[in-house]
Amino acid sequence: MTPPETPTDGTATNGTSSPAVSVCLDDKADVALPVLKKRSDFLAASRARKQGTKAMMIQARKRRDDETVDPSLVRVGFTCSKKVGNAVARNRAKRRMREVARAILPAYGKPGWDYVLIGRKDATAARDIQTLQGDLKWALRKLHAPRS
RNA sequence: GCAGAGAGCUGGAUGGCCGUGGGGGCGUAAGCCCGCGAGGAAAGUCCGGACUCCACAAAGCAACGGUGCCGGGUAACGCCCGGCCGGGGAAACCCGAGGGAAAGCGCCACAGAAAACAGACCGCUCUCGCUUGCGAGAGUAAGGGUGAAACGGUGGGGUAAGAGCCCACCGCGCGGCUGGCAACAGCGGCGGCACGGCAAGCCCCACCGGGAGCAAUGCCAAAUAGGGACCGCGUGUGCGCAAGCACAGGAGCGCUUUGCUCCGAGCAGGUCCGGGUUGGCAGCUUGAGGUGUCUGGUAACAGGCACCCUAGAUGAAUGGUCAUUGAACUGGCUUCGGUCGGGGAACAGAAUCCGGCUUAUAGGCUCUCUGCGCGU
Numbered sequence: 148m149t150p151p152e153t154p155t156d157g158t159a160t161n162g163t164s165s166p167a168v169s170v171c172l173d174d175k176a177d178v179a180l181p182v183l184k185k186r187s188d189f190l191a192a193s194r195a196r197k198q199g200t201k202a203m204m205i206q207a208r209k210r211r212d213d214e215t216v217d218p219s220l221v222r223v224g225f226t227c228s229k230k231v232g233n234a235v236a237r238n239r240a241k242r243r244m245r246e247v248a249r250a251i252l253p254a255y256g257k258p259g260w261d262y263v264l265i266g267r268k269d270a271t272a273a274r275d276i277q278t279l280q281g282d283l284k285w286a287l288r289k290l291h292a293p294r295s
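Each residue of the first sequence is one higher than the one before, starting from 148 at the first, in the working numbering.
Printed below as a string of structure tokens:
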């Protein structure tokens, strides 16, 4: 009846981070963007790096080398907890995040990484779409930066 | 035109570009093309079914849950339609858990003398006594006061005062006739009045009802821990060589009766099955299906004919953006006709599928009816 939601337990701190790798950003406009579907992928991402913005939370994780997924892929997942609102509000937030990810991630995401976008109450639906894209680019720069 | 009542519809629109979930086609592939893609409530999960799996010897009884005026509709319903009765309204219409209180139990707060079986607080009348406005006795229940409710009501006669004591009408009860399939209604007769209310407290009566749900269920693949069944040998007493029969015991089928089934202490063995986890496929959308039309019916609805195929996801598709337009609401100007701006669409998102109910819902539209007013 309802899709699975973000678990509301707060397990989202220190995880496996990797040093930043320099990536060439050209000719990636039509790269496929697979969607995360397994609960375990979401749980792994929630234990990795995260960066909040005004209208959403972004989690990012570099996949380990022994994982079977094609290392050239950028994968993305979307989630909204029930705090975001009723089903209409949650679906709307996911659709807007999907649109933002489609515009930004093929060019700015790094191959071999998984990204999870988490919606926020009211803000995800209300914020201008251009601003949301800017938010995501800013957050990706922060996430990709080497840890100090 | 104004006020009101009922029934129904709608739920921003059009186009371009980019994207997305199924389906179809082309292609070795990358990919390209075509077509389809949320609601009236998709919601609450409250009723009723379909469909699956499990359970099920019969009858009676009991328990538990539900329904409750009558007739019809339906696959079925607690739903719908029509009618009856009671209540509200000037009317259109609206509301009602609307069987049984002479089967039984229980309750009826406060107030009041008295709350269910009769009785008498203030009174009223008569008699007696005297201290002359009080006491005693008898009669009475009309009047007063209390209450949601006070042992029929109103009027007249009657009386010491009164009382169905008598009479008329109304109410009530009993039995009859007429109309109606029925609930019930009408009419006239008899009875002087017995039977207060609550069944949404228990209860009685009638009728209905196995359980779980698509995470059902079936299949495939991977992966592994050791649960169960059957076979074989073995099993109380009596009779019997034995097979078996009888008896006793225990267990199960809600209970009873009839009836049936099973069991008995283990094990070196043999054969087979299942369970949880993850992924995939089926179930999965052609159905009590829609639209139009004709026929029957007051209607709910039923039937005939023609045409149509209209989401099938599973971390879950319907989105983003641009242009034109744009309701409510709102600011200014106004010659009250408008005009220039702002603003940017309610409740809400399919999850096996249907029939209902309930709840949420900005605004707009249509039809019918009632009352009043105006015009012709």
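Yeah, the Cβ is synthetic: ideal placement off N, Cα and C, and Gly gets one too.
If you're wondering where the values come from, they're calculated on a predicted model, not measured in any experiment.
CB of residue i to nearest heavy atom of the ligand SAH: below 6 Å?
i: A292; result: This structure does not include the ligand SAH; it has no bound ligands of any sort.
Can the beta-carbon of residue i be found less than 7 Å from the beta-carbon of residue j?
i: L252; j: M203; result: no
i: P181; j: S219; result: no
i: L183; j: G224; result: yes
i: R196; j: L290; result: yes
Between the options, which lies nearest to residue i when the distance is taken from Cα to Cα?
i: D188; options: R274, D269 and Y262; result: Y262
i: A240; options: G224, R267 and V221; result: R267
i: K201; options: Q277, P293, L287 and T271; result: T271
i: E354; options: N233, Q277 and A292; result: Since the first residue of the chain shown is 148 and the last is 295, residue 354 is not available in this structure.
Using three-state DSSP, classify residue i as helix, strand or coil.
i: L180; result: coil
i: R249; result: helix
i: R243; result: helix
i: G224; result: strand
Just reading off the alpha helix (DSSP H) that residue i is part of, what are its end residues?
i: R186; result: R186 to S193
For the beta strand (DSSP E) that residue i lies in, which residues bound it at each end?
i: L264; result: W260 to G266
i: R274; result: R274 -> no beta strand (DSSP E), and no H or E assigned at all.
i: R196; result: R196 to G199
i: A207; result: M203 to K209
Would you mind sorting residue i into buried or exposed? The rule is 16 or more other CB atoms within 10 Å of its CB.
i: I205; result: buried
i: A273; result: exposed
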